[in-house]
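>
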Amino acid sequence: DTGVSQNPRHKITKRGQNVTFRCDPISEHNRLYWYRQTLGQGPEFLTYFQNEAQLEKSRLLSDRFSAERPKGSFSTLEIQRTEQGDSAMYLCASSLGLAGTQETQYFGPGTRLLVL
Amino acid sequence: RKEVEQDPGPFNVPEGATVAFNCTYSNSASQSFFWYRQDCRKEPKLLMSVYSSGNEDGRFTAQLNRASQYISLLIRDSKLSDSATYLCVVNALDTGRRALTFGSGTRLQVQP
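Taken in order, these protein sequences are the chains called A and B. This note's numbering applies: residue 328 is where the first sequence begins, and numbers increase by one. This note's numbering applies: residue 1417 is where the second sequence begins, and numbers increase by one.
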């Protein structure tokens, strides 16, 4: 499978614990995005990387959230001191950003987080 | 006001029906427009891009009206497999933002 992959697919944790999610983008895609989706809503942007540089962060990304893409390939999203309001589907998307062409983002299957 | 607004539905239609979804966006700087499809508990998947001149892909037709900041999706001859949530998506590239802005989605249920 050469699509975007995410691990784990499901995570149940207790309030106050830290969790880390991983995203492996499509090979050679230089752009990687994290979104969060809650029930009945569309995905909301969290952060974006071009190669290893984090270029954009949403105001939704509180100081408890941190994302990295150390070698410009896979990315991790960590949530510290989880709260019940963090329960959501965390989606990763990747794209090949080329100047002058329309960019298409391809989504992974998501990590569903439940904070008890 | 949300940046992208859609009627949440659900739209319940019989097989073979034609159904239309509408979407409005608030950011006049938006430059790219898409319809994504999302099945229950799955990730969004690109259905089609939307171009100023309008475009068609089989049974699906998308239209864009920049003056009214309005996007539409028409599905002809609905199939049971079309049942899903349809997400209207815009991207305002000239602000430097590359992130997609999603509507909340319109749910379609095609019935036999």
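Even glycine gets a Cβ: it sits at the ideal position worked out from N, Cα and C. Because the structure is a prediction, the values reported are computed rather than measured.
Where do the N-terminal and C-terminal ends of the beta strand (DSSP E) with residue 1479 of chain B fall, by residue?
Here residue 1479 of chain B corresponds to residue number 63 of the second sequence, with the count starting at 1. Residue 1479 of chain B -> beta strand (DSSP E) spans 1476–1481.
> How big is the Cα-Cα spacing for residue 405 of chain A and residue 346 of chain A?
Walking along the first sequence from the start, residue 405 of chain A turns up at place 78. Walking along the first sequence from the start, residue 346 of chain A turns up at place 19. Roughly 6 Å between the two C-alpha positions.
> Taking C-beta pairs closer than 8 Å, name the residues in chain B that residue 358 of chain A reaches, listed in chain order.
As a first step, residue 358 of chain A is located in the first sequence; it is residue number 31 there, counting from the start. Chain B residues near residue 358 of chain A: 1514.
> At a CB distance below 7 Å, what residues from the region 1477–1511 of chain B approach chain A? Give them in sequence order.
1503
> In whole angstroms, what is the alpha-carbon distance linking residue 1477 of chain B and residue 1441 of chain B?
For the purposes of this step, residue 1477 of chain B is taken as the residue at position 61 of the second sequence. For the purposes of this step, residue 1441 of chain B is taken as the residue at position 25 of the second sequence. Going from the Cα of residue 1477 of chain B to the Cα of residue 1441 of chain B covers about 19 Å.
> Check whether the Cβ atoms of residue 1503 of chain B and residue 1452 of chain B sit closer than 8 Å, and answer yes or no.
By 1-based counting over the second sequence, the position of residue 1503 of chain B is 87. By 1-based counting over the second sequence, the position of residue 1452 of chain B is 36. Contact: yes.
> Does residue 1468 of chain B have its Cβ less than 8 Å from a Cβ in chain A?
What you label residue 1468 of chain B is simply residue 52 of the second sequence in a count that begins at 1. No, because no Cβ of chain A sits closer than 8 Å to the Cβ of residue 1468 of chain B.
> Whole angstroms are fine: how far does the CA of residue 1501 of chain B sit from the CA of residue 329 of chain A?
Taking the first sequence and counting its residues from 1, one reaches residue 329 of chain A at position 2. Taking the second sequence and counting its residues from 1, one reaches residue 1501 of chain B at position 85. If I take the Cα positions, the gap works out to 25 Å.
> Measure how close the beta-carbons of residue 360 of chain A and residue 372 of chain A come, nearest whole angstrom, since I'm counting them as under 8 Å.
For the purposes of this step, residue 360 of chain A is taken as the residue at position 33 of the first sequence. For the purposes of this step, residue 372 of chain A is taken as the residue at position 45 of the first sequence. That belief holds up - the Cβ atoms of residue 360 of chain A and residue 372 of chain A are roughly 7 Å apart, short of 8 Å.
> Since residue 1507 of chain B is in the beta strand (DSSP E), which residue starts that stretch and which ends it?
Stepping through the second sequence from its first residue, residue 1507 of chain B is reached at position 91. First-last of the beta strand (DSSP E) with residue 1507 of chain B: 1500–1507.
> Check each residue of the region 362–396 of chain A: if its Cβ is closer than 9 Å to any Cβ of chain B, include it; give the result in chain order.
362, 364, 367, 368, 369, 370, 371, 372, 373, 374, 375, 377, 382, 383, 385
> Roughly how many angstroms separate the alpha carbons of residue 423 of chain A and residue 357 of chain A, rounded to a whole number?
What you label residue 423 of chain A is simply residue 96 of the first sequence in a count that begins at 1. What you label residue 357 of chain A is simply residue 30 of the first sequence in a count that begins at 1. Each residue's Cα considered, the two are about 6 Å apart.
> Mind listing the chain B neighbours of residue 418 of chain A? Cutoff is C-beta to C-beta under 9 Å, in chain order.
Position 91 of the first sequence holds residue 418 of chain A. 1459, 1460, listed in chain order.
> Please identify the residue among A/443, A/437, A/421, A/412 whose C-alpha is closest to the C-alpha of residue 389 of chain A.
In the first sequence, the residue the question calls residue 389 of chain A occupies position 62. Minimum Cα distance to residue 389 of chain A is reached at A/412.
> Please list, in chain order, all residues of the same chain as residue 1429 of chain B whose beta carbon is under 8 Å from its beta carbon, the five residues on each side excluded.
Indexing the second sequence from 1 puts residue 1429 of chain B at position 13. For residue 1429 of chain B, where only same-chain residues beyond five positions count, the Cβ hits under 8 Å are 1435, 1494, 1524, 1525, 1526, 1527.
> Starting from residue 1518 of chain B, find everything on chain A with Cβ-Cβ shorter than 9 Å and list it in chain order.
Taking the second sequence and counting its residues from 1, one reaches residue 1518 of chain B at position 102. Residues of chain A passing the Cβ test: 362, 364, 368, 369, 370, 371, 372.
> Taking only the alpha-carbon atoms, compute the straight-line gap between residue 1466 of chain B and residue 1488 of chain B and give it to the nearest angstrom.
Position 50 of the second sequence, counted from the start, is the residue given in the question as residue 1466 of chain B. Position 72 of the second sequence, counted from the start, is the residue given in the question as residue 1488 of chain B. Distance between the alpha carbons of residue 1466 of chain B and residue 1488 of chain B is about 9 Å.
> Give every residue of the same chain whose Cβ lies closer than 6 Å to the Cβ of residue 1438 of chain B, excluding the five residues on either side of it in the sequence, and list them in chain order.
Sequence index remark: in the second sequence, residue 1438 of chain B carries index 22 (1-based). So the qualifying residues of the chain are 1488.
> Can you give me the C-alpha to C-alpha distance between residue 369 of chain A and residue 1426 of chain B, rounded to a whole angstrom?
Your numbering for residue 369 of chain A matches position 42 in the first sequence. Your numbering for residue 1426 of chain B matches position 10 in the second sequence. Distance from the CA of residue 369 of chain A to the CA of residue 1426 of chain B, rounded to the nearest whole angstrom, comes to 15 Å.
> Please list the residues of the region 1417–1440 of chain B that have a C-beta atom closer than 9 Å to any C-beta atom in chain A, keeping them in chain order.
1420, 1422, 1424
> Tell whether a beta-carbon distance below 8 Å holds between residue 402 of chain A and residue 376 of chain A.
For this step, residue 402 of chain A is matched to residue 75 along the first sequence. For this step, residue 376 of chain A is matched to residue 49 along the first sequence. Yes. Within cutoff.
> Taking the C-alpha atoms as reference points, what is the distance between residue 1485 of chain B and residue 1450 of chain B?
Here residue 1485 of chain B refers to the residue found at position 69 when the second sequence is read from its first residue. Here residue 1450 of chain B refers to the residue found at position 34 when the second sequence is read from its first residue. About 13 Å.
> Rounded to the nearest angstrom, what separates residue 1420 of chain B and residue 374 of chain A at their Cα positions?
On the second sequence, position 4 is the one that residue 1420 of chain B refers to. On the first sequence, position 47 is the one that residue 374 of chain A refers to. Residue 1420 of chain B and residue 374 of chain A: Cα-Cα distance of roughly 19 Å.
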